[in-house]
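Before any comments, here is the structure.
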């Protein structure tokens, strides 16, 4: 019975929940399920997921927390109106951008940085602290 409740909760969870800077591998798996790939690199451990129209790569530091996130529309398409802002706001507050220049560069009140490329529809968010 307990397993059934957990399965139902997972199935009913909203697909729009976003990975956040500081998430652990456990939290990422709760949001997205098992990673489609995991790789140990010189940057840290990289987990990759596909869910809810996004491909997500999360780079975890030596403490096991995400310090860099990459969001890409999957399958490839343009981010919907407001989606970039929603993803940014799930990772910090007070985001400011550099205007209409491409790529758009952002900085949050917490000092996090982000870059959104309109060419390949990718949003790269980092705390710069590994």
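Numbering (the working numbering), first residue to last: 6 to 135.
Just so you know, even glycine gets a beta-carbon here, dropped at the ideal spot from N, CA and C.
Query	Result
Three-state secondary structure (DSSP) of residue 26	coil
Residue 91 in three-state terms, based on DSSP	helix
Unbroken stretches of the beta strand (DSSP E), 3 residues or longer, contained in the region 29-73	42-46, 49-56, 59-65
Where residue 122 falls: helix, strand or coil (DSSP)	strand
Start-to-end residues for the beta strand (DSSP E) that takes in residue 129	127-131
Residue range of the unbroken beta strand (DSSP E) whose run includes residue 112	109-112
Where residue 15 falls, given that 16 or more other Cβ within 10 Å makes a residue buried	Confidence at residue 15 is low in this model, with a pLDDT of 34, below 50, so its placement is unreliable and the value that follows should be read with caution. With fewer than 16 Cβ atoms within 10 Å of its Cβ, residue 15 is classed as exposed.
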